[in-house]
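Chemist: Below are the structure tokens for one structure; questions will follow.
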Amino acid sequence: MNLEKLLHDRLAPALEAAAGTPVDPAVRVSPHADFQSGAPLALARTLGRPPREIAAEVAGRVQLGGLAEITVSGPGFLNLTVSDDLIAVSLDALGGDDRLGIPPVARPERIVVDYSGPNVAKEMHVGHLRSTVIGDALARTLEWQGHEVLRVNHLGDWGTPFGMLIEQLIAEGAGAEHSLGDLTAFYRRARAAFDADEEFRTRARLRVVALQAGDAATQALWRRLVQRSEQAFLAVYDRLGVTLGPADFAGESSYADDLPGVVADLDAQGLLVESDGALCAFPAGFTGRDGSPIPLIVRKGDGGFGYAATDLAALRHRVRDLRATELLYVVGAPQRIHFRMVFAVARAAGWLPETVRAEHIGFGSVLGADGRMLKSRSGETIRLADLLDEAVSRASAPEIGLAAIKYADLSGDRRGDYVFDVDRMLAATGNTGPYLQYAYARIRSLRARAATAPGPIRIVHPAERALGLALLGLGPAVRGAAASREPHRIASYLHELAATFSAFYERCPVLRAADDETRASRLSLADRTARTLHLGMCLLGIPTPDEI
Ligand code: ARG
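Per my numbering, residue 2 is the first one in the sequence shown, and the count goes up by one each step.
In structure tokens form, the structure reads like this:
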């Protein structure tokens, strides 16, 4: 049962009677009582009455039927303390419910979640880790809420670098499969050849033209590069337990045929301006430091199309063909202006109606111990696979190490930077993945060791009460996390819940409870806790081994 909703429904008629018009009771969890409503304070201005007087009137009128106690506090808050029985009954009702009392959303959206988006022939780096892990947690959470989620992996598989890469593949003997074993090294060799050799550069440029013109031999080589990269990415997803599969790749190349149409449509609507030979859009409100408008380059001076044109085509496709009602882009903070401009141009072009939300879900950087962008000693970007190997080799089991990395990424506000510190991530105490995994396994083991079965919940001890209330907080935590696209709210909730359980366990013996009824009740509390942790961790993509 949703306690906020229950109290909301009881308070609403009393508030309406006092105000003469419907009022949102805005019931929130509060440190001063179980729940609190500040509605009388908001009403005071419109009614021209002292807030405490309104609060007293509402407290007098409200019919709580013994579910909760109400008091007026401070300048005019309504404090609500729910009854122990209500907590017990609400928890008992979760007994057989897979969804732990949280119904699916009433109006499901069709949500495209664009995440991961690594680039072909480049090894995924730690920046892609954040997009992958945060995007996956959001996709899982929204899907669980009942939305229809379309995962899209906007693979960087098109554009000028492919001329250079294909020429390098030819130079190394196109049959040589081993060339692509280490994609980063291959990319570097291609880059070195490109920088060193004028003729190579010319061939690379012609090769791009051949690729885009659909030359069969060139396309076959390109496809090999793409496939080899896709395999490598899928292996990482598999290792990380990320729900992106082969069917979710929708690379930049898949929009190539739409690009001339995108330009023609924008041009026909008078949205493009020629600037130094390039075709640019200048959406309103985007100016550089000197106050001059910033262009979104839709077609480059050489006639080629860039990242922005592809994102415009992809957006149009997602709204028009996939019929998405929300578009989420989980991409690092530096691309914020890019997405704001793409959305603005798409709105102006009529491709993004007001009914469709588009959001850039930005995130901060991963830093090294020195507080700077994570780099290896020789100054190169660190490969994601190496970071994963490090965490796994130091953890007691691969499942623990990988979960620790994911959890560390998810447990802080995504907008912030964080330091990649394997020791801290693997710590068995604190807000870490291993802490939650151990807590879960320990609670599960209670059930296995108990000689008797769980039974009806009775709330007697304050620590039982605190645990019960914490358990009933899952719904608000998930809703809050989904609405603000902030997985860390689920993480904080789970960490708090596990800590509340420990406090309970210290004060309230479970297996050695004084009598059978108490033991049965506490086993049920433990069961609800384990299931709540399990569900929350699933939403974050953190595995819950029964034994560690
Ligand atoms: N490949 C891009 C990068 O590595 C990320 C793609 C993000 N998605 C998008 N629709 N632009 O920066």
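Glycine included, C-beta positions come from ideal geometry on N, C-alpha and C.
Determine the DSSP secondary structure at G136, reduced to helix, strand or coil.
Modeler: In the structure shown, G136 sits in a helix (DSSP, three-state: H, G or I).
Chemist: Take V511 and list the residues in its own chain whose beta-carbon comes closer than 7 Å to its own, dropping the five residues that flank it on each side.
Modeler: Here the set comprises L447, R520, R523, L524, A527.
Chemist: To the nearest angstrom, report how far apart A500 and G469 are at their CA atoms.
Modeler: Answer to the nearest angstrom: the Cα atoms are 13 Å apart.
Chemist: Buried or exposed: where does K6 fall if 16 or more other Cβ atoms within 10 Å of its Cβ makes it buried?
Modeler: The residue in question, K6, is exposed, as its Cβ has fewer than 16 Cβ neighbours within 10 Å.
Chemist: Would L368 and D418 be called neighbours here (beta carbons separated by less than 8 Å)?
Modeler: Going by C-beta atoms, L368 is nearer than 8 Å to D418.
Chemist: In the DSSP assignment, find the unbroken alpha helix (DSSP H) run with E507 in it and report its ends.
Modeler: Residues 489-508.
Chemist: Any idea which residues DSSP pairs T382 with across the strands?
Modeler: For T382, which the question treats as bridged, DSSP gives the partners K376.
Chemist: Do you know how far the Cα of G286 is from the Cα of H361?
Modeler: Going from the Cα of H361 to the Cα of G286 covers about 17 Å.
Chemist: Please confirm whether any heavy atom of ligand 1 lies closer than 7 Å to the CB of D1.
Modeler: An answer regarding residue 1 cannot be provided, because it is not within the stretch 2 to 549 covered by the chain.
Chemist: Keeping to the same chain, check which residues put their C-beta closer than 6 Å to that of K123; ignore five residues upstream and five downstream.
Modeler: Correct list, in chain order: Y188.
Chemist: Measuring only from the beta carbon, is Y330 closer than 7 Å to any heavy atom that is part of ligand 1?
Modeler: Result yes, Cβ under 7 Å from ligand 1.
Chemist: Among residues of its own chain, excluding the 5 on either side of N154, which ones have a beta-carbon nearer than 6 Å to its beta-carbon?
Modeler: Closer than 6 Å at Cβ, skipping near neighbours: S117, L245, D249, F250.
Chemist: Distance check for Q270 and S74, CA to CA, integer angstroms please.
Modeler: S74 and Q270: Cα-Cα distance of roughly 59 Å.
Chemist: Terminal residues of the continuous alpha helix (DSSP H) containing L470?
Modeler: Counting along the chain, the alpha helix (DSSP H) containing L470 begins and ends at 463-472.
Chemist: Could you tell me the alpha carbon to alpha carbon distance between G61 and R466, rounded to whole angstroms?
Modeler: If I take the Cα positions, the gap works out to 26 Å.
Chemist: Smallest Cα separation from V237: which of P119, F505, G456?
Modeler: Among P119, F505, G456, the Cα nearest to that of V237 is on P119.
Chemist: Which runs of the alpha helix (DSSP H) spanning at least 4 residues fall entirely within the region 69-99, listed in chain order?
Modeler: If we require 4 residues or more, the alpha helix (DSSP H) runs fully inside the region 69-99 come out as 85-94.
Chemist: Return yes when at least one heavy atom of ligand 1 lies under 7 Å from the C-beta of A315, else no.
Modeler: Yes; taking the cut-off as 7 Å, the Cβ of A315 has a heavy atom of ligand 1 nearer than that.
Chemist: What did DSSP end up calling E548 once you bin it into helix, strand or coil?
Modeler: Correct three-state label for E548: coil.
Chemist: On the DSSP letters alone, give me the boundaries of the alpha helix (DSSP H) that I362 sits inside.
Modeler: Unbroken run through I362 is the beta strand (DSSP E), 358-362; no alpha helix (DSSP H).
Chemist: With F201 as the anchor, note down where its alpha helix (DSSP H) starts and where it stops.
Modeler: It spans 199-214 - the alpha helix (DSSP H) in which F201 sits, taken as one unbroken run.
Chemist: Leaving out five residues on either side along the sequence, give the residues of the same chain with a beta carbon under 6 Å from the beta carbon of R229.
Modeler: The residues are L181.
Chemist: Can you tell me whether I298 is helix, strand or coil according to DSSP?
Modeler: Correct three-state label for I298: strand.
Chemist: Going by the C-beta, is H155 closer than 7 Å to any heavy atom of ligand 1?
Modeler: Checking the Cβ of H155 against ligand 1 gives yes.
Chemist: From which residue to which residue does the alpha helix (DSSP H) around L166 run?
Modeler: Its alpha helix (DSSP H) spans residues 162-172.
Chemist: Could you round the C-beta distance between D158 and V227 to whole angstroms and report it? I think they count as a contact, below 8 Å.
Modeler: Confirmed, Cβ separation roughly 5 Å.
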